[in-house]
């Protein structure tokens, strides 16, 4: 992939995410940003699974948001309960073409399009142990730093932001 | 700043970093990457100061590396001892044109050019309290995630990496 391209590519689409899933993700990212919650996409967890979007609140609470782009996408995923082991709250996110009632009541639910999102149902809290939180926060910190360094080494612009860590 | 530019700019040069300081930083970043230590540049700390480079080891140890591009740059900095409050180890980094003996013996010392770096003197350990480490790790995680999201929203390519969080 060229470092500089005249067409704005999104390399985070790695073939595993559909265009529709990316739209949902974008909407959720905007909602989270408005809430002051930072998020990192495609984070590999200690069990080898990859969270679609992992969010970190200002108080250090960790949420996982799994994006489902179709009914089928949800039906084939039998492993979503495992994500609960790595977050304080767990949400599904989808778009209006997917029936909301297929998603379990005991999970949070976010409805999104490419422009924004709405939290339809908050997620119940199941607090992480201190040890799991510590290991997970280290993983997030290192993953973010590694991606930023790789981007910088490739000459890609990633400026610092005001109040980014607060 | 345009999202796509034919000239690879480095926006991390915000006028406060000299070209020479950026070369030192690049060398240090490469050394750290070789060591499996991830790093994030220009991180604002709780006391309002900004660390030139903050590194996170696989075990969760936090280092701060302050870059000094000239004798004058070191002489005018009377506040470097404050950085010790936010890391387990503290290093100065510079380039071969700056005399090494101006830097205090009680700090680690890294000699760098634009291609790589060498750790001339390891830094003594002064372990952070659990509470400070927790707050700092949260700050790093959120800062990294916020920068990545801002880049993604601007259409900039920041791919995930293999084993990035481990």
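Protein chains in written order, with the numbering used here: chain A, 1192 to 1357; chain B, 1192 to 1357.
Glycine is no exception: its CB is placed at the ideal position from the N, C-alpha and C atoms.
As the structure is a computational prediction, the values presented were derived from the model and not from experiment.
- Residue pairing from DSSP leaves residue 1263(B) without any beta-bridge partner.
- Using a C-beta cut-off of 8 Å, the region 1218-1227 of chain A makes no contact with the region 1268-1278 of chain A, since fewer than three inter-stretch Cβ pairs fall below that distance.
- In the three-state reduction of the DSSP assignment, residue 1272(A) falls in the helix class.
- Beta-bridge partners assigned by DSSP to residue 1301(A): 1284(A), 1310(A).
- Per DSSP, residue 1214(B) has no beta bridge partner at all.
- Under DSSP, the beta-bridge partners assigned to residue 1241(A) are 1235(A).
- In its chain, beyond the 5 residues on either side, 1279 have a beta carbon closer than 7 Å to the beta carbon of residue 1318(A).
- If only uninterrupted alpha helix (DSSP H) runs of at least 4 residues are considered, those enclosed by the region 1315-1353 of chain A are 1321-1344.
- According to DSSP, residue 1230(B) shares a beta bridge with 1246(B).
- With respect to the C-alpha of residue 1255(A), the residue from 1349(A), 1244(A), 1305(A), 1290(A) having the closest C-alpha is 1244(A).
- Sequence-ordered contacts of the region 1216-1232 of chain A with chain B read 1220, 1224, 1229, 1230, 1231 [C-beta pairs closer than 7 Å].
- Contact of residue 1235(B) with chain A is assigned, a C-beta pair being separated by under 9 Å.
- Bounds of the beta strand (DSSP E) holding residue 1257(A) are 1253-1258.
- Not flagged as an interface residue toward chain B: residue 1285(A), since no C-beta distance is shorter than 9 Å.
- Between residue 1258(A) and residue 1283(A), the C-beta spacing is below 9 Å.
- Within chain A, 1229, 1247, 1249, 1355, 1356, 1357 have C-beta atoms less than 8 Å from the C-beta of residue 1333(B), given in sequence order.
- For residue 1326(A), the CB contacts under 8 Å within the same chain, skipping 5 residues up- and downstream, are 1237 in chain order.
- Counting only Cβ-Cβ distances below 9 Å, residue 1340(A) has contacts in chain B at 1220, 1223, 1224, 1229, 1230, 1231, 1232, in chain order.
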